[in-house]
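A short worksheet on the structure shown next.
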Amino acid sequence: MSNFHQRVYEAVKRIPKGKVCTYGCIALMAGSPKASRVVGYALHHNPDPKNIPCHRVVNRQGRLAPSFAFGGAEIQKQLLEYEGVKVSDDGIVDLNIYMDWIKFN
DNA sequence: TATTTGACGATTT
DNA sequence: CAAATCGCCAAAT
Numbered sequence: 084m085s086n087f088h089q090r091v092y093e094a095v096k097r098i099p100k101g102k103v104c105t106y107g108c109i110a111l112m113a114g115s116p117k118a119s120r121v122v123g124y125a126l127h128h129n130p131d132p133k134n135i136p137c138h139r140v141v142n143r144q145g146r147l148a149p150s151f152a153f154g155g156a157e158i159q160k161q162l163l164e165y166e167g168v169k170v171s172d173d174g175i176v177d178l179n180i181y182m183d184w185i186k187f188n
């Protein structure tokens, strides 16, 4: 298994409950700031759905991935709200609020 | 080894 | 504001 995917998985697992992270951010933590695409690719494989909260991962706009297909954007929205994340009707989250945990990493 | 592809990002039209 | 385009990187075939 490639070290890169491994890094991505660990990074996603590190996301605190009630917080979210962007693909680019995970890519940055994984060691490649530009590999945001690969992050999505890795999560798409999702070898460990029970430990990998993909619903906490959103795109740069704080918007739920349009091509998201793990059950529908509504599901992700509900999951995030259940964890205390405010989600707009369009499925937009406040990155300014939920990205602040990153500076502690 | 080379080509294709994809849960993205940022910029331009 | 929405669609199109280019750039980026690694995995899959």
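Each residue of the first sequence is one higher than the one before, counting from 84 in our numbering. Ideal placement from N, C-alpha and C gives every residue a C-beta, glycine not left out. These numbers come from a predicted model, not from an experiment.
Contacting residues, own chain, Cβ-Cβ under 7 Å from residue i (five flanking each side not counted)
{"i": "glutamate 166", "result": "Lys100 and Gly101"}
{"i": "valine 170", "result": "Lys160, Leu163, Glu164 and Val176"}
Option nearest residue i by Cα separation, candidates the options
{"i": "histidine 128", "options": "His88, Ile180, Trp184 and Lys186", "result": "His88"}
{"i": "valine 103", "options": "Gln144, Met182 and Lys186", "result": "Met182"}
{"i": "isoleucine 180", "options": "Gly145, Gln161, Gly174 and Ile158", "result": "Gly145"}
{"i": "proline 116", "options": "Asn134, Ile135, Arg143 and Val168", "result": "Arg143"}
{"i": "valine 141", "options": "Asn188, Asp173 and Ser85", "result": "Asp173"}
N-terminal and C-terminal residue of the alpha helix (DSSP H) that residue i is part of
{"i": "cysteine 108", "result": "106-113"}
{"i": "lysine 96", "result": "86-96"}
{"i": "isoleucine 180", "result": "178-181"}
Contacting residues, own chain, Cβ-Cβ under 6 Å from residue i (five flanking each side not counted)
{"i": "valine 122", "result": "Val91, Tyr106, Ile109 and Ala110"}
{"i": "leucine 178", "result": "Gly145"}
{"i": "asparagine 134", "result": "Lys96"}
{"i": "alanine 94", "result": "Ile109, Met112 and Ala113"}
{"i": "tryptophan 184", "result": "Pro99 and Lys102"}
Sequence-distant residues of its chain with Cβ nearer than 8 Å to residue i (five each side left out)
{"i": "alanine 125", "result": "Phe87, His88, Val91 and Tyr92"}
{"i": "alanine 118", "result": "Phe87 and Ala110"}
{"i": "glycine 114", "result": "Phe87 and Arg90"}
Which runs of the alpha helix (DSSP H) spanning at least 4 residues fall entirely within the region 118-162, listed in chain order? You should have 119-128.
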